[in-house]
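Numbering-wise (full-length UniProt numbering), the sequence shown opens with residue 69 and increments by one.
Even glycine gets a Cβ: it sits at the ideal position worked out from N, Cα and C.
All values reported here derive from a predicted model rather than from experimental measurement.
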Amino acid sequence: NATFDTYMRYDEIQAYLKQLEADYPNLVQLQSIGKSYEGRDMTVIRVSLNGGQSPRAVLVDAGIHAREWIAPATAVYLINQLVEHTAAHRNLLDGMDWYILPLVNPDGYEYSQTKDRFWRKNRGAPRDSWLAWFWNMLCERGADVNRNFGFHWMEAGASTYPCAETFAGSKAFSEVESQNLRDFVLAQNADGRFKMYLTLHSYGPMILYPYGYDYRVTPAPDTQELKSIAEEANAAMVAAGSVPFTVENSAELYPAAGGSDDWAKGVGGIAKSYTIELHGGGRNGFDLPASQIWDSVTQTFEGLKVFGVRAKSL
Ligand code: 0X9
Ligand code: ZN
């Protein structure tokens, strides 16, 4: 079962998804889009009333950054609502399929659960340079998966220093987690069926729209529409009791290239692409106390519903 009074571990999330597939075979299908470096499945759950044949689809992912635990919890709550409370949310499923990947970076997530609460990156492959021994002495392996996507890679806000929190990887798509997500989008969205991409992070609250790869990027032609959708989602979350989310261009927060959001819009063909920075809390902002999961996921869900409804008319 899904729990929202503690943060679920990778195995618990996997077990929940498998249980849903067994209990709701006509509504749910699981697909492993590949394995993480340490061999964990990256499982996408598809929620569809008609076996994935709807003219539109939305992609939601979470946990690209290991320590941002409220993000996978929010994705699991979304899954819970769409699958176990379908009748109440039929309008979200009518004519539209949902593809949800609650843990883009399962290795990092588990490492943040067991070894280092504030770990951000993935758990990378062994270093292959002749300096490997040197880097291995200095820091743990891993790259920032949200700096590794191949769109304006390494142009701003990222690092070639392997110990940096924002280490972009040795080249664009050097990391298996970003490769798997890329290949999934390219395969599934060849026909442009994916209308929206929501990537869940923490902490905000903020809703960021593309592009974020540099300062002074020419605004995307659909900037007004990107904003208006986000503002409407924000209003719904505020009405549900949330603190307001700041809606802004992601480069206004800070320019950072290689993000999955920019890639999804610029290359993946998903025009409405958002990074949602969920509620912060705890000592460090990333360690929102488990007692606050429920309020956060239920309030955020009101915003996700708005995104879903708007995606239906794109
Ligand atoms: O820095 C990031 O990757 C995101 N913030 S976080 O605190 N969750 O690490 C913001 C990403 C915004 N998108 C782009 N700059 N492309
Ligand atoms: Zn993040």
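For residue 240 against residue 272, the beta-carbon gap comes to about 27 Å, at or over 8 Å, which does not count as contact. One thing to note: residue 170 has its Cβ within 8 Å of the Cβ of residue 130.
Counting only heavy atoms of the ligand ZN, the residues whose C-beta sits closer than 7 Å to one of them are, along the chain, 132, 133, 136, 214, 269 and 270. Of the candidates 123, 99 and 141, the residue whose Cα lies closest to the Cα of residue 112 is 99. Contact check for residue 370 against residue 307 passes: the beta carbons are separated by less than 8 Å. The nearest non-hydrogen atom of the ligand 0X9 is less than 7 Å from the C-beta of residue 345.
In this chain, the alpha helix (DSSP H) harbouring residue 81 covers 78-91. The three-state secondary structure of residue 233, taken from DSSP, is coil. Looking at the DSSP output, residue 353 sits in a beta bridge with 349. Of the residues assessed, residue 322 falls on the exposed side of the cut-off, its CB having fewer than 16 other CB atoms within 10 angstroms. Comparing C-alpha distances from residue 328 to each of 110, 140, 265 and 108 shows the shortest one belongs to 265. Distance from the CA of residue 81 to the CA of residue 257, rounded to the nearest whole angstrom, comes to 26 Å.
Less than 8 Å divides the Cβ of residue 244 from the Cβ of residue 105.
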